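Just below is one structure, and these are the notes that go with it.
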Amino acid sequence: MPTSNVLYVAVLPLMRLPPLTYGPRTRLPGVNVVSSYGATVEQFMTLFPDKEFASEFFADEIDFYVDAVRWYLKPITGGHVIRYEVSTEETPDGRFIVKVVQHVA
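Counting in numbering that gives the first Met the number 0, the sequence shown runs from 0 upward without gaps.
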């Protein structure tokens, strides 16, 4: 019997800590520093089942995020996941969130 999951897009910064020194020549393994501020920062897009975690986008950027979500969902369709529907919802302050309905069977 087909069913669906309602998910919301969140764009999150991932901040990597700089190497830490605990004594002479002691560093935190696996951490690279590339920014002048001492840490690297990347943005990651993910899906949450709770609307409270949804990122709110301005009207001039919402199309970019909708297109990005559609692009990145293509390779994760299959198995129990039949298809995705991507839409937007306007928030009370005039911004937008991205809603994703995942259809599964």
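Each residue gets a CB set at the ideal place from its N, CA and C atoms; glycine is no exception. Given the structure is predicted, the values throughout are model-derived calculations rather than measurements.
Where residue i falls, given that 16 or more other Cβ within 10 Å makes a residue buried
i       : result
Val-100 : exposed
Thr-25  : Reliability of the predicted coordinates at Thr-25 is poor, the pLDDT of 46 falling under 50, and the value obtained from them is presented with this limitation in mind. Thr-25 comes out exposed.
Identity of the residues DSSP links to residue i by a beta bridge
i       : result
Ser-86  : Lys-98
Ala-9   : Thr-45
Val-103 : Thr-2, Val-80
Phe-52  : Answer by DSSP bridge pairing: none, since Phe-52 is not bridged.
Closest Cα partner of residue i within the set the options
i       : options                        : result
Leu-6   : Glu-41, Phe-43, Glu-60, Phe-47 : Phe-47
Pro-104 : Phe-95, Val-68, Tyr-83, Glu-89 : Per the sequence shown, the amino acid found at residue 104 is Ala instead of Pro. Answer by Cα proximity: Tyr-83.
Ala-67  : Leu-13, Gly-93, Phe-43, Gly-78 : Phe-43
Thr-102 : Pro-12, Ile-81, Asp-49, Arg-94 : Looking at the sequence shown, residue 102 is not Thr but His. The option with the nearest alpha carbon to His-102 is Ile-81.
Beta carbon of residue i nearer than 8 Å to that of residue j
i      : j     : result
Thr-39 : Ala-9 : no
Nearest-angstrom Cα separation, counted from residue j out to residue i
i      : j      : result
Phe-56 : Ile-75 : 24 Å
Tyr-71 : Ile-61 : 16 Å
Glu-51 : Pro-91 : 14 Å
Ser-3  : Glu-41 : 30 Å
His-79 : Asp-59 : 35 Å
Tyr-64 : Arg-94 : 13 Å
Ser-86 : Val-97 : 6 Å
Gly-22 : Arg-15 : Only weak support exists for where Gly-22 lies, its pLDDT of 48 falling under 50; the value from the coordinates is given anyway. C-alpha separation (whole angstroms): 20 Å.
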